[in-house]
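Beneath this line is the structure, given in structure tokens, with notes to follow.
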Amino acid sequence: MARFAFVLACALALLASSVASGAIVEHSFNVNNLTVTRLCKEQSITVVNGSYPGPAIRARDGDTLVVHVFNQSPYNITIHWHGIFQLLSAWADGPVYVTQCPILPGHNYTYRFNITGQEGTLWWHAHVSWLRATVHGALIINPKAGRSFPFPKPYKEIPIILGEWWNGNVVDIENEGIATGIAPNNSNAYSINGLPGDLYDCSQNQTYQVQVVKGKTYLLRIINAALNNQLFYKIANHNMTVVAIDAAYTTPYVTDVVVIAPGQTTDVLITANQQTGSYYMAATPYMSANINFDNTTTRGIISYENSSSSSPIMPALPNPGDTPTAHKFNTNITGLAGGPQWVPVPTNVDEHMFVTVGVNLELCPVNATCQGPFNNRLSASMNNESFQLPTNLSMMQAQFYNVSGIYTTDFPDQPAVKFDYTDSNISLDLSLVYAPKSTKVKTLKFNSTVEIVLQNTAFLAIENHPIHLHGFNFHVLAQGFGNYDPINDPNKFNLVNPQIRNTIGVPVGGWAVIRFTANNPGMWFMHCHLDVHLPWGLGMVFEVENGPTPWVLPPPPADLPQC
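For the sequence shown, the residue numbers in mature numbering (1 follows the signal peptide of the UniProt record, and there is no 0) are -22 to -1, 1 to 541.
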């Protein structure tokens, strides 16, 4: 009880201090369609304020962000503020039909929330269908005035947004995949800050370039905004020092390659300490599954001031299936214990969950034609429950107004059937591979601590799944390959300085253990951040109950969109 009171008092003091000391940062987002030329053709895309990527938002810890969204596009829209805690502002989180109904074409909604106890690189993006392919931008949170980074101040900061490009309307491409029951078409290119780079057709003049001063150190704020691919990122002849991931500071880690999953961010320091000239930065996919994918490379150019070089040096890139390199990067990073915004690992666990994640099958509807295995649809699940969003009311409205029939509270703590989860021989086991559709949540008491073993499965395709948790950061205690061993693997837990994330790439054919404290009432989505898997059902929702005053879910804003 004393621990609970202390944690609650600290959280209240932090929130009150933030609201009292911060500024109001206000933006208007006009969502509309824009015609751009990429890869030899004109393409109409949905964007914010006529730019791709969208505008970067800069604020400080403690500021209140107010964003007026005017939907002038032909599509429903919501905006998710990826990684923001949304303390007592869950209505602003943004996942469609979880915390709100969509903003309809011709309508508007204002997101208002305080940034509390966070600093670093996050991002914002659409949370309806595949629109986040082009509706996204950086959300950069600087320390409060008078405070500094826990590393030497860089000469300049440079956002690097890695994206994915389709020669086609992404909404139509997603809908075609859903209609046929198979994976939608692969992307046609990757991009750096919206530009594909000179390895693609008609793209010689569409290469991102940045100039640096010899001897100066730069902070690259790297964001993976790609829909369906993890990426390797390298800069020729330059090492990078990782200093933060997902807006959480790390012990400085020197590397020549960054591995970054969709949804993740990585802050690195790079010093322009090489011979004056020009150097390619490049991003290429890390693909852990044996499936078709966009096996191309995007690149930009770093040019030293006064360089006359017209032939940039190209870095040697890992092979797409280089899991050892990816695993080394993902497991060598540790949190900056005792640094700014550091949160120690909670030691008393109230809820233990074992959650399987993977691809499944769904029976083809009557009178439909499906092109998936055995003429069925591809699906996905957590604990063999394939998540289905409601359509007539958001889940949080149902929670607040106590409306029945929208969701049930029986999401299982473990799969109903135990099996050899990573044995490739179960890939097409018809007794296991089908997952029923449901809208189930796991109810958590306020301020309870939750430990989750995320276990990949071998159904259909063994791959790395990036899992994102809305509303909370979590400690990554351990990760490994094969089936999680509840007897021996807890001995590997890092309880001293584990990395803190909001999105974790669960290793291919393996597992990861995360732990978080549910200190914010509301509905919080946990889902795969591969957009090909989200509509298939790879997700679930945590329903966090109200706590003592003031930790109570407030009423919805008056302008909250209605279904």
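Even for Gly, the Cβ is constructed at its ideal location relative to N, Cα and C. These numbers come from a predicted model, not from an experiment.
According to DSSP, is residue i helix, strand or coil?
i      : result
I223   : strand
Q21    : strand
F63    : coil
I156   : helix
A116   : strand
S288   : coil
M374   : helix
I81    : strand
F503   : strand
A304   : helix
T495   : strand
F352   : helix
V148   : helix
N425   : coil
W529   : coil
T325   : coil
Y412   : strand
Y196   : strand
F(-17) : Confidence in F(-17) is poor, its pLDDT being 44 and thus under 50, which makes the residue's placement unreliable; the coordinate value appears in the next sentence. Reduced to three states, the DSSP call for F(-17) is helix.
S402   : helix
M(-22) : The predicted model places M(-22) with a pLDDT of 43, which falls under 50 and marks its position as unreliable, so this point remains unresolved.
N345   : coil
T13    : strand
S(-5)  : Reliability of the predicted coordinates at S(-5) is poor, the pLDDT of 48 falling under 50, and no value is obtained from them.
A68    : helix
T56    : coil
Compare the beta carbon distance of residue i and residue j with 9 Å and say whether it is the shorter of the two.
i    : j    : result
S51  : V9   : yes
I201 : T243 : yes
N163 : G146 : yes
I35  : V25  : no
F91  : V47  : no
T301 : Y258 : no
N475 : T229 : yes
V232 : F307 : no
P33  : H5   : yes
S288 : T254 : no
N434 : P513 : no
L341 : T262 : no
I160 : I213 : no
L117 : L100 : yes
P128 : Y227 : yes
I492 : F452 : yes
Quick one: what's residue i bridged to in DSSP?
i    : result
K418 : T386
F48  : N8 and N86
R110 : Note: R110 sits in no beta bridge, so no partner.
T276 : A261
Y282 : V190
V337 : A358
I269 : Answer is none; I269 lacks a bridge partner.
Taking the beta strand (DSSP E) that residue i falls in, what are its first and last residues?
i    : result
M360 : R355 to M360
F129 : F129 -> no beta strand (DSSP E), and no H or E assigned at all.
K212 : Q208 to I213
T99  : G98 to A104
N469 : Run containing N469: none; DSSP gives neither H nor E here.
F452 : F452 to F459
V76  : V76 -> no beta strand (DSSP E), and no H or E assigned at all.
S165 : Run containing S165: none; DSSP gives neither H nor E here.
I238 : V236 to I238
I35  : I35 to R38
Over what stretch of residues does the alpha helix (DSSP H) that includes residue i continue unbroken?
i    : result
M518 : Run containing M518: none in the alpha helix (DSSP H); it sits in the beta strand (DSSP E), G517 to V522.
Of the residues the options, which one's Cα is nearest the Cα of residue i?
i           : options                   : result
V321        : I2, T495, F91 and S29     : T495
S416        : L516, H448 and E429       : L516
V510        : C79, R110, F91 and V76    : R110
S29         : G172, L339 and A304       : G172
residue 623 : I62, S165 and Y462        : This structure leaves residue 623 out entirely; the chain is present only between -22 and 541.
L314        : D224, N284, G383 and Y89  : D224
G193        : Q184, K212, H216 and D179 : H216
V395        : N380, T386, N403 and V411 : V411
G500        : E521, L406, G487 and C506 : E521
V3          : L43, F332 and A413        : L43
H114        : P240, G483 and Y462       : P240
I151        : L205, L198, S169 and L197 : L205
L438        : N268, I238 and D245       : N268
V149        : Q96, S22 and M292         : S22
P293        : E283, R277 and N284       : R277
Y186        : Y178, L339, P343 and I170 : I170
H305        : T274, S181, L66 and I482  : I482
Q457        : T527, D467 and L406       : D467
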